[in-house]
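J.: In UniProt numbering, the protein residues as written are 1 to 404.
Following this message is one structure expressed as structure tokens.
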């Protein structure tokens with residue numbers, strides 16, 4: 001096709017959409033007059049005398065009316081998360097079509113439920129009768145008593161995309177925390193999976209994915225962390241010294257190799273997002289205490305002393321003398337500092353010259369090396385995304401293309 005033909009093609013597309021829009025308006029103008037050519041579909045009144053519409057035309061009208069737009073996560077501009085979620089038209093746009101007749105309601109319902117948002121297991125139970133139509137599903141965080149899906153998700157046999165919030169993947173009694181399995185199986189049709197706000201080890205989720213989802217192309221493993229949980233949740237209030245489980249520069253090559261071996265059975269995996277920051281844990285206190293005072297952070301520092309000085313004698317951070325009479329900071333002080341609301345919506349590698357000097361290059365090298373390690377064992381991978389300190393509010397990702 002020549003480039004000169006493109007305007008004519010666009011015009012034909014425009015005419016086609018006008019044609020569909022016209023029939024849609026016609027159906028709403030006198031919906032009870034709509035008749036179908038196939039015997040199994042008819043209007044609710046036998047005396048209809050209106051124009052005959054082929055079923056295929058009615059289906060095209062429905063496709064046009066219920067057309068979804070594919071938008072990235074609402075925070076994508078800030079976080080860099082490119083997990084795309086379909087968005088339905090508003091109910092007011094489709095209400096006339098849905099209420100015109102039983103036949104049109106059935107046609108519309110098939111399209112309306114293709115993308116669903118569920119806020120409880122009860123919502124999923126209600127959705128099960130429509131399982132053959134549902135393609136995209138988003139499950140929000142739930143109260144602890146209602147947080148186990150078990151094998152329910154496995155019933156959605158045509159599901160393509162699933163985004164699920166696992167913040168309640170922990171059980172807490174008066175003595176201890178324990179991890180719980182929110183789901184134990186997934187549909188084999190799944191192509192894209194996003195996990196949000198989990199606390200448990202990724203290996204448990206990966207084990208289910210390997211067993212159930214051989215066609216998976218996109219996997220995003222998100223964690224609850226100090227940047228997206230303000231104030232701190234009960235888990236992080238109980239374990240304020242365990243943040244190195246997701247923000248650390250130690251053993252990155254070994255971690256990448258172990259992760260690749262776990263994911264090796266997923267032969268079609270193209271996109272992987274990991275909820276890990278490949279940067280020293282000390283970057284947070286270094287930036288919020290020392291860099292905020294326009295001074296470099298020492299290689300080793302005592303967090304109790306540093307927090308106390310930042311609060312009561314910031315000038316002393318640059319010297320060796322410690323003012324007398326200062327009480328050391330408590331664990332609660334540390335929690336409040338780590339989980340304080342971020343006020344750096346434009347943060348990047350150039351935002352803090354101290355972070356850039358002390359951490360940037362080592363972070364780039366760690367991400368590049370870990371990505372190469374993953375690519376060697378996962379040849380299908382095209383992109384790996386790591387959580388990145390050098391992003392707005394430290395919530396975004398650093399994307400690495402996979403090239404050997």
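Built from N, CA and C at the ideal position, the CB exists for glycine as well.
None of the values given here were measured: they were computed from a predicted structure.
Where DSSP assigns a beta bridge to residue 179, which residues make up the other side?
T.: For residue 179, which the question treats as bridged, DSSP gives the partners 170.
J.: So, under 8 angstroms CB-CB, residue 104 and residue 137 are touching, yes? Tell me the CB distance rounded to an integer number of Å.
T.: Wrong, their Cβ atoms sit about 25 angstroms apart, outside the cutoff.
J.: Would the beta-carbon of residue 109 fall within 9 angstroms of that of residue 91?
T.: It is not a contact, given that the beta carbons lie outside the stated cut-off.
J.: How about residue 208 and residue 178: do their beta carbons lie closer than 9 angstroms?
T.: No, these two residues do not count as a Cβ contact at 9 angstroms.
J.: Starting from residue 99, follow the alpha helix (DSSP H) in both directions and report where the run begins and ends.
T.: That run of the alpha helix (DSSP H) goes 91–100.
J.: Measuring CB to CB, does residue 155 end up less than 9 angstroms from residue 274?
T.: It is not a contact, given that the beta carbons lie outside the stated cut-off.
J.: Any idea if residue 353 is buried or exposed, counting beta-carbon neighbours within 10 angstroms, 16 or more meaning buried?
T.: Counting Cβ neighbours within 10 Å, residue 353 comes out exposed, since fewer than 16 surround it.
J.: Can you tell me which residues form a DSSP beta bridge with residue 69?
T.: Answer is 87.
J.: With distances taken Cα to Cα, identify the nearest neighbour of residue 294 among 130, 197, 243 and 357.
T.: Minimum Cα distance to residue 294 is reached at 357.
J.: Would you tell me roughly how many angstroms separate the C-alpha atoms of residue 61 and residue 96, rounded to the nearest one?
T.: Roughly 13 angstroms separates the two Cα atoms.
J.: In or out: residue 169 buried (at least 16 other Cβ within 10 Å) or exposed?
T.: Burial call: buried.
J.: Which same chain residues end up closer than 6 angstroms to residue 368 when comparing Cβ atoms and leaving out the 5 residues on each side of it in sequence?
T.: Here the set comprises nothing.
J.: Note down, in chain order, each residue of its chain lying with its Cβ closer than 7 angstroms to the Cβ of residue 210, except the 5 sequence neighbours on either side.
T.: Correct list, in chain order: 265 and 266.
J.: Would you report the Cα separation of residue 313 and residue 304, rounded to the nearest angstrom?
T.: Straight-line Cα distance between these residues: approximately 13 angstroms.
J.: In angstroms with no decimal places, state the Cα-to-Cα distance between residue 272 and residue 131.
T.: Distance between the alpha carbons of residue 272 and residue 131 is about 27 angstroms.
J.: Mapping DSSP to helix, strand and coil, what is residue 387?
T.: If DSSP states are grouped into helix, strand and coil, residue 387 belongs with the strands.
J.: Measure the Cβ-Cβ separation of residue 337 and residue 323 and say whether it is below 9 angstroms.
T.: No, the pair does not count as a contact, with Cβ atoms beyond the cut-off.
J.: Ends of the alpha helix (DSSP H) at residue 377?
T.: Where residue 377 is concerned, the enclosing alpha helix (DSSP H) stretches over 361–377.
J.: Return the chain-ordered list of same chain residues with a C-beta closer than 7 angstroms to the C-beta of residue 346, the five sequence neighbours on each side being excluded.
T.: Closer than 7 angstroms at Cβ, skipping near neighbours: 392.
J.: Any Cβ of chain C within less than 9 angstroms of the Cβ of residue 214?
T.: Any reference to chain C falls outside this structure, which holds one protein chain only.
J.: Check whether the Cβ atoms of residue 124 and residue 153 lie closer than 9 angstroms to each other.
T.: Yes, they are a contact pair.
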